[in-house]
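Numbering (UniProt numbering), first residue to last: 1 to 277.
Next comes the structure, spelled out in structure tokens:
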């Protein structure tokens with residue numbers, strides 16, 4: 001009978017229990033979903049405002065992701081407070097455990113700090129072609145903790161910000177002009193002046209080669225099998241690879257037309273006959 005009375009009491013308290021805690025749980029879920037939605041809205045609004053003000057795309061990406069993170073953290077705190085977790089106590093616990101969390105997340109904090117430095121000092125921007133952290137590609141996005149690169153063969157590489165900032169960054173897109181360095185080898189029988197004239201005509205007539213600064217053609221080396229000329233024209237950064245491929249093809253055709261041989265490595269083998277004893 002006592003068990004039946006206890007069961008009856010639970011049944012009587014069940015509606016009150018569900019009304020109290022069920023509504024809190026439902027409200028917490030609603031707060032979380034709304035907060036998650038508004039974190040996305042905050043990211044989009046921040047990105048749109050900065051873009052309209054013609055802020056650099058690198059800064060836009062970083063600040064927009066930071067806005068999303070701040071709103072999402074606030075949402076988590078509000079959700080926990082709704083279900084009865086004392087947020088003041090939670091903040092105190094987080095503060096007390098700050099050192100341990102900092103040590104555990106030192107890699108993430110380093111990536112975050114490196115991301116801030118990348119935005120402030122701008123060693124690279126969105127759209128630049130860089131080589132860093134042992135990889136190379138076009139910068140697609142700089143987020144809070146990592147940088148997204150797109151390679152020439154259309155692969156995506158996610159590199160930690162700290163790995164990029166702590167190493168050497170080669171930015172191929174930072175300046176408007178780049179120099180193409182070519183080494184052209186011709187036969188020892190070729191006339192030096194004629195060879196330089198043929199190459200100069202190619203450079204003068206190529207639309208990608210800039211007039212200022214001027215190009216350089218010089219005899220660089222008397223190698224084993226060839227006379228090597230350095231050919232150094234300047235082009236716009238965006239024209240670098242197309243101009244390089246085009247110049248190599250044009251120089252080869254022009255040298256062939258002028259009967260100037262481009263030698264290949266050769267080895268002379270002398271066989272000495274030793275008379276039998």
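Every residue, glycine too, gets a C-beta built ideally from N, C-alpha and C.
Indicate whether residue i and residue j have their beta-carbon atoms separated by less than 8 Å.
| i | j | result |
| --- | --- | --- |
| residue 119 | residue 127 | no |
| residue 159 | residue 147 | yes |
| residue 227 | residue 186 | yes |
| residue 180 | residue 244 | yes |
| residue 203 | residue 215 | yes |
| residue 43 | residue 64 | yes |
| residue 72 | residue 115 | no |
What three-state label does DSSP hand residue i in the structure shown?
| i | result |
| --- | --- |
| residue 55 | coil |
| residue 236 | strand |
| residue 274 | coil |
| residue 203 | helix |
| residue 255 | helix |
| residue 145 | coil |
| residue 229 | strand |
Do you know how far the Cα of residue j is from the Cα of residue i?
| i | j | result |
| --- | --- | --- |
| residue 129 | residue 251 | 28 Å |
| residue 3 | residue 78 | Residue placement at residue 3 is flagged as unreliable, the pLDDT there being 49, under the threshold of 50; a coordinate-derived value is accordingly withheld. |
| residue 150 | residue 50 | 24 Å |
| residue 236 | residue 212 | 11 Å |
| residue 38 | residue 133 | 35 Å |
| residue 207 | residue 183 | 21 Å |
| residue 60 | residue 41 | 15 Å |
Please work out which residues of its chain come closer than 8 Å, Cβ to Cβ, to residue i, disregarding the five sequence neighbours upstream and downstream, and give them in chain order.
| i | result |
| --- | --- |
| residue 27 | 82 |
| residue 229 | 183, 184, 185, 186, 195, 196, 199, 217, 218, 219, 220 |
From the options, pick the residue whose C-alpha is nearest to that of residue i; which is it?
| i | options | result |
| --- | --- | --- |
| residue 145 | 166, 108, 225, 121 | 108 |
| residue 153 | 136, 142, 193, 190 | 136 |
| residue 162 | 175, 143, 173, 31 | 143 |
Might you give, ordered along the chain, the residues of its own chain that have their beta carbon closer than 6 Å to the beta carbon of residue i, omitting 5 neighbours on each side?
| i | result |
| --- | --- |
| residue 177 | 234 |
Any Cβ of chain C within less than 8 Å of the Cβ of residue i?
| i | result |
| --- | --- |
| residue 219 | Among the chains in the structure shown there is no chain C, since it carries only a single protein chain. |
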